[in-house]
Each structure stands twice: as C-alpha cells, then as structure tokens.
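What follows is one structure encoded as structure tokens, with my remarks underneath.
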Amino acid sequence: MDYSIKIGGEAGQGIQTIGSTLARYFSRAGCHVFTHQDYESRVRGGHNFFQIRISERPVAASRDVIDILVALDSDSLLIHEQELSKDGRIIYDSSALKQKREKPRFLDIPFIDLAIEHGSSRIMANVVAIGAVLGMLGADPDILIKIIEQT
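All you need for our numbering is the position in the sequence shown, starting with 1, plus 30.
Spelled out as structure tokens, the structure:
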C-alpha cells in the first residue's frame, strides 16, 4: 500500500482539519505517514492544500501523483486534476463547487447536505469528507470515531 491524498480549497474551509485528522487516523492504524501543507498567508481565500502520503513502509517525501483529491473549491480541480494517478479519484461536493462533473473518476458527495441531514451544521461537512476518503479506502470507522471523541 502506498497512497497519496490531497485536500485542496480556500483558506478557512477546513483543509488542515481534514488533513491532520486523516494523518492521525492512518498513524493510529499503523501506517507510515508523511504530510505536506501549502498555504497562502491569508485568513480566508487563496488556494491551499494539504497532502498526505500513507504507506506500509517508511516514507520521507510526497509522491508526484495523487490517488485521491478532495476538492473543496473549483480551483482545486483546475490546479490538481492533472496530478491524479491513472486510477485516481476526485471527491467533491457539486453544491459547494457550483458544478457537476460526469466523468467516471469524479465522485460527487454532498458533504454539506449530509452533515445537515444527520443533525449537525455545515461545519461538520469536513467529517463527511473524511468519511468519504476512508470509505474509498475500506478503512475501519472505529478509529475515526475515537479520534473525533478525543478532539
């Protein structure tokens, strides 16, 4: 196993929360984890990303390709789509991006609607995005539940 996950969006959209939670998850699951964060010095706006590499073997750098892109804004699609591996997938919320993609590698998950539908607020949309990534990888949800309870 050697996966690369990138979360892209604007400052203030919870990119660091999603990335650090996923990194913590995979570390607790026994994987080797390498993270890289890129951000502009703005409180809101501007493009940022958080990249995670997880592997069964020690890792000391990011990969050139990504396997999963969590796109929280349209710029993430424009900037990072070409970085996808040949089997890479993009997870996004078409209501937040104001566009729908009909390509097979795109997975439209209504992060905000699902968070609200399950009794929370739009702030919890990030937890839905985390769950989507873990679901794609067939990961154990119990580890995530423990992380959320401790946060």
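Cβ atoms here follow ideal geometry from the backbone N, Cα and C, with glycine treated the same way.
Just so you know, these numbers come straight off a predicted model, no measurement behind them.
#1: Enumerate, from N- to C-terminal direction, the unbroken alpha helix (DSSP H) stretches of 4 or more residues contained entirely within the segment 42 to 73.
#2: Using the DSSP secondary-structure output, state which residues sit across from Glu40 in a beta bridge.
#3: Does the beta-carbon distance from Ile160 to Leu137 come in below 8 Å?
#4: Which word fits Ile178, buried or exposed, when buried means at least 16 other C-beta atoms lie within 10 angstroms of its C-beta?
#5: Can you tell which of Lys36, Ser92 and Asp172 has the C-alpha that lies nearest to the C-alpha of Asp103?
#6: Relative to the C-alpha of Gly44, which candidate in Leu167, Phe80, Asp170 and Ala169 has its C-alpha closest?
#7: Decide if Tyr69 is buried, meaning its Cβ has at least 16 other Cβ atoms within 10 Å, or exposed.
#8: Nearest to Met31 by alpha carbon, out of Gly49, Gly39, Ile48 and Ala59?
#9: Taking the alpha helix (DSSP H) that Ile160 belongs to, which residues open and close that run?
#10: Between the alpha carbons of Phe141 and Thr65, how many angstroms are there, rounded?
#11: Would you list, in sequence order, the uninterrupted alpha helix (DSSP H) runs of no fewer than 4 residues that lie entirely inside the segment 115 to 152?
#12: Spell out a yes or no on whether the segment 81 to 101 and the segment 46 to 58 are touching, meaning 3 or more CB-CB pairs, one atom from each, closer than 8 Å.
#13: Going by the beta-carbon positions, is the gap between Ser125 and Asp143 smaller than 8 Å?
#14: May I have the straight-line CA-CA distance separating Asp185 from Glu113, to the nearest angstrom?
So, from the data block:
#1: 45 to 58
#2: His77
#3: no
#4: exposed
#5: Lys36
#6: Phe80
#7: exposed
#8: Ala59
#9: Ala155 to Met166
#10: 23 Å
#11: 124 to 127 and 141 to 147
#12: yes
#13: yes
#14: With the chain covering 31 to 181 only, the question about residue 185 has no answer from this structure.
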